[in-house]
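A short worksheet on the structure shown next.
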Amino acid sequence: MNFKEGEILHIDKPYRMSSFGALAHIRYLLTKKMGYKVKVGHAGTLDPLATGVLILCTGRATKRIEELQKHTKEYVATLQLGATTASYDMEHPVDANYPTEQITRDRLEDVLRKFIGDIEQVPPAYSACNVNGKRAYTLMRKGHEVELKAKPVRIDEIELMEFDNEKMQATIRVVCGKGTYIRSLARDIGEALDSGAYLTYLRRTRVGEATIDKCLTFDTFSSWLERQDIEG
């Protein structure tokens, strides 16, 4: 391997760690091993409360980041129906509750089908979207109001994997294009059900051809690195 010329690494990002935090950890291990600061970039962020496939590029391979960000992604997500939070996930507490007696498995499956294809989606205010040169979540945490505009995204597949009508929880598999926020999708599904919804679990299981079963974990990365034949 040659980390200066460029390598593409597939990492399983841990829970409650930012994508930059994951990148920094891997860069530290690479730099320690190589004896010089290794250039590393990531091809698409994951929320701190999400886990799964994070693509890291080293050296000259960082020029491929824009190309890699366009790859199709697959997620598995669990939605809590009947309530909302400010961030559309568990980063914030429940801020409103809604009726759920109208929600059945059949109605849920009908609603999910309506989101397949090219749709307009408003990103979460608590997101890394750029607003006048600042991150939206930074402005929100400082008490500023943030209004983000809807943007076109593509949903290729949505599959209802599980539905618990007692707990009012649904687990879905989503295949989508660049820029799709699964948190926003959860919010919109809740609204389409005349209720509310937020994420309690999110795992990115695939980016392009990179699948979660082929990813390196933080626990195995060091031992993997020791086994590599490294140049440069």
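Its first residue numbered 116, the sequence shown is counted upward by one per residue in the numbering used here. Quick reminder that beta carbons are idealized off the backbone N, C-alpha and C, glycines included.
So, under 8 Å CB-CB, residue i and residue j are touching, yes? Tell me the CB distance rounded to an integer number of Å.
| i | j | result |
| --- | --- | --- |
| Pro-267 | Asp-233 | 6 Å |
| Met-283 | Leu-196 | 4 Å |
| Leu-164 | Arg-142 | Contact flag wrong, Cβ pair sits at about 22 Å. |
| Ser-299 | Pro-238 | 6 Å |
Quick one: give me the first and last residue of the beta strand (DSSP E) that residue i is part of.
| i | result |
| --- | --- |
| Met-276 | 266-279 |
| Leu-340 | Looking at the DSSP string, Leu-340 is not in any beta strand (DSSP E); the run it does join, the alpha helix (DSSP H), is 333-341. |
| Glu-262 | It is not in any beta strand (DSSP E) - Glu-262 carries neither H nor E in the DSSP assignment. |
| Lys-188 | 188-196 |
| Val-153 | Looking at the DSSP string, Val-153 is not in any beta strand (DSSP E), and its letter there is neither H nor E. |
| Ile-170 | 166-173 |
Which stretch, first to last residue, makes up the alpha helix (DSSP H) that contains residue i?
| i | result |
| --- | --- |
| Gln-217 | Taken as a continuous stretch (DSSP letters only), Gln-217 belongs to no alpha helix (DSSP H), as it is neither H nor E. |
| Gly-305 | 297-307 |
| Leu-314 | Element bounds for Leu-314: not the alpha helix (DSSP H) but the beta strand (DSSP E), 312-322. |
| Leu-145 | 134-149 |
| Gln-184 | 180-184 |
Excluding the five sequence neighbours on either side, which residues of its own chain have a C-beta within less than 7 Å of the C-beta of residue i, listed in chain order?
| i | result |
| --- | --- |
| Asn-212 | Gly-197 and Ala-198 |
| Val-290 | Thr-187, Glu-189, Asp-271 and Glu-272 |
| Cys-330 | His-125, Ile-126, Asp-127 and Val-168 |
Skipping 5 residues on each side, what residues in its chain have a beta carbon closer than 6 Å to that of residue i?
| i | result |
| --- | --- |
| Glu-346 | Asn-117 |
| Glu-63 | Absent from the structure is residue 63, since the part of the chain shown begins at 116 and ends at 347. |
| Thr-295 | Val-268 |
Taking C-beta to C-beta, are residue i and residue j nearer than 7 Å?
| i | j | result |
| --- | --- | --- |
| Ala-192 | Leu-317 | yes |
| Leu-161 | Ala-285 | no |
| Asp-204 | Leu-314 | yes |
| Thr-320 | Ile-327 | yes |
| Phe-278 | Arg-342 | no |
| Arg-179 | Glu-120 | no |
| Leu-340 | Lys-147 | no |
| Ala-301 | Ala-312 | yes |
| Glu-224 | Ala-265 | no |
Sorted by chain position, which residues of the same chain lie with C-beta nearer than 8 Å to residue i's C-beta, five sequence neighbours on each side aside?
| i | result |
| --- | --- |
| Val-155 | Leu-138, Ile-141, Arg-142, Leu-145, Leu-171, Cys-172, Thr-173 and Thr-177 |
| Gln-184 | Ala-158, Gly-159 and Lys-293 |
| Gln-217 | Leu-308, Asp-309 and Ser-310 |
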